[in-house]
Amino acid sequence: NAGVTQTPKFQVLKTGQSMTLQCAQDMNHEYMSWYRQDPGMGLRLIHYSVGAGITDQGEVPNGYNVSRSTTEDFPLRLLSAAPSQTSVYFCASSKVFGTTETYEQYFGPGTRLTVT
Amino acid sequence: DAKTTQPNSMESNEEEPVHLPCNHSTISGTDYIHWYRQLPSQGPEYVIHGLTSNVNNRMASLAIAEDRKSSTLILHRATLRDAAVYYCILSVGNKLVFGSGTILRVKS
């Protein structure tokens, strides 16, 4: 298994540009999520999905869109990039969390995004 | 959301045990306690999780206080490869809420 893959590894955007960060997993996991990590800080949840066709907002969703058309893929779209979105973005997947059980999340290697 | 409190940093000698503490006094009855770690320039990596009982796996042990208001991650023999940021997290439904974690430095 490749696990969780993310592309690109690095990206530089100008303010106002849009782009899509790709995330794919080959573990047949229902749950996928996107986090951002600013320098010296912990991860913050942007959006998540509990299955194809189902997405929801996390802690910091503004400026980002997601969709989940397949179990494997969960792309993150930046609509109009701003310098405040300079960060490292991590995608993660797991079996679905429930209220009576929980499963480990597998994280991708990250995409380092700079917006100038 | 239930919060966790961890020391900003800790230091350990190689080959010695490390006890990383975490306080979570507002934990609810259904919150799981998770530990993840993040090595430099990598994504977080699952370490261990538990609900009420102590847990052991190949990486570490998790000791949970009887009242569940605190827990301790135990690395039995620290190696240089264990130098990382360790996050103690309470699961809130489907979401993991990361704090700032504990930076573990391992000296040779």
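Keeping their order, the protein sequence lines are chains A and B. Quick note on numbering: the first sequence equals residues 223 to 338 in the working numbering. Quick note on numbering: the second sequence equals residues 5 to 112 in the working numbering. Glycine is no exception: its CB is placed at the ideal position from the N, C-alpha and C atoms.
What are the boundary residues of the beta strand (DSSP E) that residue i is part of?
i              : result
T333 (chain A) : 333 to 337
E49 (chain B)  : 49 to 54
A246 (chain A) : 241 to 247
V234 (chain A) : 232 to 235
A314 (chain A) : 309 to 316
P25 (chain B)  : 22 to 27
H38 (chain B)  : 37 to 42
A67 (chain B)  : 65 to 68
I'd like to know whether the C-beta of residue i is nearer than 9 angstroms to at least one C-beta of chain A.
i              : result
K7 (chain B)   : no
Y90 (chain B)  : no
P25 (chain B)  : no
S104 (chain B) : yes
L100 (chain B) : yes
H28 (chain B)  : no
P11 (chain B)  : no
P48 (chain B)  : yes
Indicate, with yes or no, if the ligand GDP has a heavy atom lying under 8 angstroms from the CB of residue i.
i             : result
A88 (chain B) : Ligands in the displayed structure: none, and consequently the ligand GDP is not present.
Does the separation of the CB atoms of residue i and residue j fall below 9 angstroms?
i              : j              : result
G264 (chain A) : Y91 (chain B)  : yes
N27 (chain B)  : T56 (chain B)  : no
R258 (chain A) : F312 (chain A) : yes
K7 (chain B)   : Y270 (chain A) : no
L94 (chain B)  : L24 (chain B)  : no
G332 (chain A) : G47 (chain B)  : yes
Does any CB atom of chain B fall closer than 9 angstroms to the CB of residue i?
i              : result
L243 (chain A) : no
Q247 (chain A) : no
L335 (chain A) : no
Q327 (chain A) : yes
V234 (chain A) : no
> Quick one: any contact between the stretch 83 to 97 of chain B and the stretch 34 to 43 of chain B, if contact means 3 or more CB pairs under 8 angstroms?
Replying inline: yes
>> Quick test of the definition: if touching needs 3 or more C-beta pairs under 8 angstroms, does the stretch 10 to 23 of chain B touch the stretch 230 to 248 of chain A?
In response: no
>> Short of 8 angstroms Cβ to Cβ, which residues in the stretch 283 to 313 of chain A face chain B?
In response: F312
> Taking any Cβ of chain B, which residues in the stretch 260 to 276 of chain A have a Cβ under 9 angstroms from it, in chain order?
Replying inline: G262, M263, G264, L265, R266, L267, Y270, V272
> Is it a yes or a no for the stretch 28 to 39 of chain B touching the stretch 62 to 74 of chain B, going by three-plus beta-carbon pairs under 8 angstroms?
Replying inline: yes
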